[in-house]
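Read the structure below first, then the notes.
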Amino acid sequence: MTQKQLEDYLWGAANILRGMIDAADFKQYIFPLLFFKRVSDIWEEEYQEALELSDGDMDYAKFRENHRFQIPDDCHWSDIRATSTDIGKKLQNALHEIEKANFELLHDVFGDAQWTNKRRLSDEKLIDLIEHFSTMNLTVKNVPHDLMGDGYEYLINKFADDSGHTAAEFYTNRTVVELMTRITDPQPGESVYDPTCGSGGILLNSALYLKKQGKEYRNLKLYGQELNLITSAIARMNMFMHAIDEFLIVQGDTLDQPQILENDELKQFDVVMANPPYSIKRWSQSKFVNDPFGRNIWGTPPRGCADYAFQQHIIKSLKPDTGRSVSLWPHGVLFRAAEATMRKKMIEDDVVDAVIGLGKNLFYNSSMESCLLVCNMNKPKERRGKVIFIDGKDEIRLERSAAYLKDEHIKRMADAFWKFKDDEGFAKVVESQKILTENDGNLSIQLYVKTNGEDTQYTVEQLLAKTKRNQESLQAGYDELIQKLYELGIEAI
14 MTQKQLEDYL WGAANILRGM IDAADFKQYI FPLLFFKRVS DIWEEEYQEA LELSDGDMDY
74 AKFRENHRFQ IPDDCHWSDI RATSTDIGKK LQNALHEIEK ANFELLHDVF GDAQWTNKRR
134 LSDEKLIDLI EHFSTMNLTV KNVPHDLMGD GYEYLINKFA DDSGHTAAEF YTNRTVVELM
194 TRITDPQPGE SVYDPTCGSG GILLNSALYL KKQGKEYRNL KLYGQELNLI TSAIARMNMF
254 MHAIDEFLIV QGDTLDQPQI LENDELKQFD VVMANPPYSI KRWSQSKFVN DPFGRNIWGT
314 PPRGCADYAF QQHIIKSLKP DTGRSVSLWP HGVLFRAAEA TMRKKMIEDD VVDAVIGLGK
374 NLFYNSSMES CLLVCNMNKP KERRGKVIFI DGKDEIRLER SAAYLKDEHI KRMADAFWKF
434 KDDEGFAKVV ESQKILTEND GNLSIQLYVK TNGEDTQYTV EQLLAKTKRN QESLQAGYDE
494 LIQKLYELGI EAI
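Under our numbering, think of the first position of the sequence shown as 14, with each following residue one higher.
Below, the structure written as structure tokens:
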């Protein structure tokens, strides 16, 4: 199967639901069905291989050891396809039994879609979906893991584009994810954590990053927590679709009830990458004042904005010797007065390594500019007591209302981060003490990176003079053009 065939096949399933179900809800039906079909086809593929190996011993071919996932009797895809009435009930029971039979790996992986609600999903529509998925064989031989994984990511991307305001809940722009990964540079055997992991794209890219370099990626340990049940299920399916086994993704509220613990304390990781929900107003602020996990290292954020609760959770989740992090934020985290005290303590602790400004439209359904806040618990000697500011707002490709980073944009920003040198109009290394004393801990990029070496703050008189110079330059260029045309015998209109 080609990539294009797979993509058309997957998106065709979503189009069957169009008009009956909101686009934002497609994912809770399409992803579980796709995963069920994939698991069933692989089980059948494994069964046939074992059958050949054992000269037709059907009992041997069903042994647990011959299958990655177990499918109980009467719960195979073919059993659902053979059902003509109350299909939703039969399907829901099959998914539940598969989860039970593979509890450690697949508990809750199929989410909580209302398969039996015929007003939402009639038998006829469910038959259409099942028949659509039945048109292709999703065995590993026909659709290798790399192809299946790419198709799954394509579907996640399409749902993000199609589902409006809910997209940011489960999808982070993958080109931004690539930049984040190049900055943290995960290594084989390390642990990577995303406290608000959505559909798992950030975690998954860590493994793919190593794989593309020809490094060992299967011993990378991936951890994530996600509030939304179906989104956390999609993240787990995403890992399985890419043949990634070394992961733990749990469902729950990271601020209120972090679940990835070690010895009753927050587990610590080599790398943390995150795109937390920004400026959420409803969060357990009163509980954070006396946080049992000691995450209020710099203080308690204001009730109406949990950004620095997430940022402190990230810092507390880093190993003290190897821990480094990058988080995607709106620019407000760099300068808001309500968080000034916490921000100054963060700078004083010398964990801020870089602030990287990104262009517009990289947050889903928002035109605001974003930034990356990069931290390191154990900076190299040459970077201690300093922060590099990188103005990458122009390193972007805009297409209509969407935006992405081309590889040349990613490379320029990542290279600037690693070189840790001044680059006039683009990057500036600043002493932390200067940030604290001269700008009271304000991390706004424009305070440190001046466009073309000039100060971006102008008086009215300066702006008028600059405008006049520009007009004069434009007029001179126009006059020169008219003269050239005259010399060529062309009469200007």
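Here a beta-carbon is modelled for each residue, glycine too, at the ideal position from N, C-alpha and C.
Comparing alpha carbon positions, the residue from 244, 188, 200 and 199 closest to residue 213 is 244. DSSP places residue 303 outside both helix and strand once states are collapsed to three, so it counts as coil. DSSP places residue 108 in the helix class (H, G or I) of the three-state scheme. Cβ-Cβ distances below 7 Å link residue 281 to 330, 331, 332 and 336 in the same chain, with the five nearest sequence neighbours on each side left out; the list follows chain order. For residue 402, the enclosing beta strand (DSSP E) begins and ends at 399 to 404. Counting other Cβ atoms within 10 Å of its Cβ, residue 399 reaches 16 or more and is therefore classed as buried. Short of 6 Å from the beta carbon of residue 50, and not among the five residues preceding or following it, lie these beta carbons of its own chain, in chain order: 90, 146 and 151. Straight-line measurement puts the Cα of residue 424 at about 40 Å from the Cα of residue 82. Taking a contact to require three or more Cβ pairs closer than 8 Å, the segment 204 to 221 and the segment 246 to 259 qualify as touching. When secondary structure is reduced to three states using DSSP, residue 204 falls in the strand class. Taking a C-beta distance under 9 Å as the contact criterion, residue 355 and residue 321 qualify as a contact pair. Residue 127 and residue 162 have their C-alpha atoms spaced approximately 26 Å apart. Taking one beta carbon from each stretch, the segment 400 to 416 and the segment 361 to 376 have 3 or more pairs nearer than 8 Å; the two touch. Residue pairing by DSSP places residue 456 opposite no residue, since no beta bridge is assigned to it. With a cutoff of 9 Å on beta-carbon distance, residue 240 and residue 207 are scored as not near each other. Sequence-distant partners of residue 22 (beyond 5 residues in either direction) whose C-beta falls short of 6 Å from its own C-beta, in its chain, are 149.
DSSP places residue 184 in the coil class of the three-state scheme, outside both helix and strand. Shown here, residue 161 sits in a helix according to DSSP, grouped into three states. The beta carbons of residue 223 and residue 233 sit about 6 Å from each other, so the pair counts as a contact at 8 Å. For residue 321, the enclosing alpha helix (DSSP H) covers residues 320 to 329.
Spatial neighbours of residue 263 in its own chain (CB-CB distance under 6 Å, excluding positions within 5 residues in sequence) are listed in chain order as 238 and 272. Collapsing the DSSP output to three states places residue 66 in a helix. Separation of the CB atoms of residue 390 and residue 311 is rounded to 14 Å, and the pair is thereby denied contact status at 8 Å. Per DSSP, residue 503 has no beta bridge partner at all. In the pairwise beta carbon analysis, the segment 27 to 43 is classified as touching the segment 136 to 145: at least three pairs are separated by under 8 Å. The shortest CA-to-CA distance from residue 416 to any of 437, 431, 450 and 379 is the one to 379. For residue 453 and residue 315, the gap between their C-alpha atoms comes out near 19 Å. Non-local beta-carbon contacts of residue 79 in its own chain, meaning distances under 6 Å to residues more than five positions away in sequence, involve 59 and 63 in chain order. Assigned with DSSP and collapsed to three states, residue 172 falls in helix. Taking the Cα positions, residue 344 is about 11 Å away from residue 459. For residue 286, the enclosing beta strand (DSSP E) starts and ends at 284 to 287. For residue 246, the enclosing alpha helix (DSSP H) begins and ends at 242 to 254. Per DSSP, residue 338 is one residue of the beta strand (DSSP E) stretching across 337 to 343. In the three-state DSSP reduction, residue 195 falls in the helix class (H, G or I). If you draw a 10 Å sphere on the C-beta of residue 405, you find 16 or more other C-beta atoms in it, and that means buried.
Secondary structure of residue 442 (DSSP, three-state): strand.
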